[in-house]
Amino acid sequence: MASSQPLGQAADRTSLPLAACSAQRRRLRRSVTSMSRNRRTHWKVAWISMALCLLLCSCTVRKSLMTKSGGRPFEVVVYGDEDSVLYHSLTSPIPALPQPEPSFDVTISKNSQPKGADLLMRNIVIVTINPKTFSRTSVKYERDVYAKNQIVIYVGSPSVSQLRKDMTTSSIITDLLTRQEMGVMVATLKDKHSPKMEETVRRMFGIEMLIPSDMKSYKEGKDFVWISNNSPTSMTNICIYTSENRDSVMRKNIKGETDNMYMTTNKESVISSIAKTQDRQVTVRRGLWEMKGDAMGGPFVSHTLHDIAGHKTLTIECFVYAPGTKKRNTLMRTEASLMTVKVAGR
Numbered sequence: 026m027a028s029s030q031p032l033g034q035a036a037d038r039t040s041l042p043l044a045a046c047s048a049q050r051r052r053l054r055r056s057v058t059s060m061s062r063n064r065r066t067h068w069k070v071a072w073i074s075m076a077l078c079l080l081l082c083s084c085t086v087r088k089s090l091m092t093k094s095g096g097r098p099f100e101v102v103v104y105g106d107e108d109s110v111l112y113h114s115l116t117s118p119i120p121a122l123p124q125p126e127p128s129f130d131v132t133i134s135k136n137s138q139p140k141g142a143d144l145l146m147r148n149i150v151i152v153t154i155n156p157k158t159f160s161r162t163s164v165k166y167e168r169d170v171y172a173k174n175q176i177v178i179y180v181g182s183p184s185v186s187q188l189r190k191d192m193t194t195s196s197i198i199t200d201l202l203t204r205q206e207m208g209v210m211v212a213t214l215k216d217k218h219s220p221k222m223e224e225t226v227r228r229m230f231g232i233e234m235l236i237p238s239d240m241k242s243y244k245e246g247k248d249f250v251w252i253s254n255n256s257p258t259s260m261t262n263i264c265i266y267t268s269e270n271r272d273s274v275m276r277k278n279i280k281g282e283t284d285n286m287y288m289t290t291n292k293e294s295v296i297s298s299i300a301k302t303q304d305r306q307v308t309v310r311r312g313l314w315e316m317k318g319d320a321m322g323g324p325f326v327s328h329t330l331h332d333i334a335g336h337k338t339l340t341i342e343c344f345v346y347a348p349g350t351k352k353r354n355t356l357m358r359t360e361a362s363l364m365t366v367k368v369a370g371r
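When we follow this note's numbering, the leftmost residue of the sequence shown carries the number 26, and every step to the right adds one.
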């Protein structure tokens, strides 16, 4: 009996390492299995990440390799336009111009879909009339489908009469095409603008905006600046001032050959609306200006903002003087600058 205790103790000492080894093997197997799973998960994540990168890269490469869209500013090609419904809608006159000019220069194609060189047009509208497919008029659009800086708008309707009715009450297609054109013009401004004039604006008003590169002349006044390309045939201008009272500002700062000649606003021509740009509410006014005591005039567009860059009121406007020529494109191209306004440093 005296010898049984050591044997028992010896047996206990021998069994403990064996149990520990078994537990260690189980832990090791679990660890290896877990590592294997982690490696598989890691590789899955890696492959997914790689696939996403390749997809994004391929999209970027595809866009960089795409041909730039063609066509003149505000030119639109329409397909499937039965009874010229879209034509009449898109060629309605632009308000607040001295002479009637269409919103867009529209070409009606005999084809139902764009083909060949037409695929590269930057503004395309495709109309489908089918009562089996459409229960009401719908409008969808895609960008950069066949070329860069392109918009393709798809219009579907159950009938021509329904489409005509909807086009008289909705401006969605006109708005889409206008935003597209303004976007192209802003992109052009980013490539070619005037840092010198932009610094003058930043210094005087604490805002940043892109100024067309051909605008090299300017005049400063109290809380006022007038920037111009000073062209004798198609003069484009940008004015910035801290007021909403256009006539009093212009009478003081833009005069003719004598003090009795000064710029005024044709009050009956002015159309006001509220828009939103750069996360701010903007009062937009379109109208006609005249030179009191002189045979000069033209269209203007102004954007008035409130509580911006330390100013209670800030108005940025563009106006055009281009006698004997169409003014739509010139005014819109200058108006694109107004779309780029932001507080300096943001």
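Positions of the beta carbon are idealized from the N, C-alpha and C atoms, including for glycine. Predicted, not measured: the structure shown is a model, and the values here were computed from it.
N- and C-terminal bounds of the beta strand (DSSP E) containing residue i
| i | result |
| --- | --- |
| Val-177 | 176-182 |
| Gln-306 | 305-317 |
| Asn-155 | Segment: none, Asn-155 is in no beta strand (DSSP E) and carries neither H nor E. |
| Ala-347 | Run containing Ala-347: none; DSSP gives neither H nor E here. |
| Asp-260 | The amino acid occupying residue 260 in the given sequence is Met; Asp does not appear at that position. Met-260 -> beta strand (DSSP E) spans 260-266. |
| Ile-236 | Premise fails: Ile-236 is in no beta strand (DSSP E) and is neither H nor E. |
| Thr-302 | 287-302 |
Buried/exposed call for residue i, threshold 16 Cβ in 10 Å
| i | result |
| --- | --- |
| Ile-299 | exposed |
| Thr-261 | buried |
| Ser-186 | exposed |
| Leu-53 | Reliability of the predicted coordinates at Leu-53 is poor, the pLDDT of 47 falling under 50, and no value is obtained from them. |
| Ala-361 | buried |
| Gln-138 | exposed |
| Gln-205 | buried |
| Arg-228 | exposed |
| Arg-97 | exposed |
| Gln-175 | buried |
| Ser-219 | buried |
| Leu-188 | buried |
| Ser-195 | exposed |
| Thr-355 | buried |
| Asn-136 | exposed |
| Glu-224 | exposed |
| Asp-284 | exposed |
| Asn-155 | exposed |
Beta-carbon proximity check, residue i vs residue j, cutoff 8 Å
| i | j | result |
| --- | --- | --- |
| Asp-130 | Glu-100 | yes |
| Met-286 | Lys-277 | no |
| Asp-106 | Ile-133 | yes |
| Leu-181 | Thr-203 | Residue identity check: residue 181 is Gly in the sequence provided, not Leu. No. Outside cutoff. |
| Leu-115 | Thr-199 | yes |
| Ala-347 | Thr-258 | yes |
| Asp-143 | Val-103 | no |
| Tyr-243 | Met-210 | no |
| Ala-172 | Ser-94 | yes |
| Val-110 | Met-207 | no |
Close-in-space but distant-in-sequence residues of the same chain around residue i (CB under 7 Å, 5 per side omitted)
| i | result |
| --- | --- |
| Thr-290 | Arg-271, Asp-272, Gly-312 and Trp-314 |
| Ala-121 | Ser-294, Ile-296, Arg-311, Gly-312, Leu-313 and Pro-324 |
| Thr-308 | Ser-297, Ile-299 and Thr-329 |
| Ser-160 | Pro-183 |
| Val-170 | Val-177 |
| Tyr-266 | Asp-248, Phe-249, Val-274 and Thr-340 |
| Thr-302 | Met-364 |
For residue i, the first and last residue of its enclosing alpha helix (DSSP H)
| i | result |
| --- | --- |
| His-218 | Counting along the chain, His-218 falls outside any alpha helix (DSSP H), and DSSP gives it neither H nor E. |
| Glu-360 | 353-363 |
Same chain, Cβ closer than 6 Å to residue i, neighbours up to 5 away in sequence not counted
| i | result |
| --- | --- |
| Tyr-179 | Ile-151 and Lys-165 |
| Ala-36 | Legend: pLDDT at Ala-36 = 37, less than 50; position of this residue unreliable, no value from coordinates given. |
| Asn-254 | Asp-239, Met-240 and Thr-261 |
| Thr-359 | Thr-261 and Cys-343 |
| Leu-235 | Leu-214, His-218, Ser-362 and Thr-365 |
| Cys-264 | Trp-251 and Glu-342 |
Assigned secondary structure, residue i (DSSP; H/G/I helix, E/B strand, else coil)
| i | result |
| --- | --- |
| Tyr-112 | helix |
| Lys-190 | helix |
| Glu-245 | strand |
| Lys-277 | helix |
| Leu-202 | helix |
| Asp-332 | strand |
| Arg-147 | coil |
| Val-164 | strand |
| Asp-130 | strand |
| Phe-325 | strand |
| Ala-369 | coil |
| Val-170 | coil |
| Thr-225 | helix |
| Thr-338 | strand |
| Glu-100 | strand |
| Ile-252 | strand |
| Gly-95 | strand |
Cβ of residue i within 8 Å of any chain B Cβ
| i | result |
| --- | --- |
| Ala-334 | Among the chains in the structure shown there is no chain B, since it carries only a single protein chain. |
Same chain, Cβ closer than 8 Å to residue i, neighbours up to 5 away in sequence not counted
| i | result |
| --- | --- |
| Glu-126 | Pro-118, Ile-119, Lys-351, Lys-352 and Arg-353 |
| Val-368 | Gly-231, Ile-232, Glu-233, Ile-333 and Ala-334 |
| Met-316 | Gly-281, Met-286, Tyr-287, Met-288, Thr-289 and Gly-322 |
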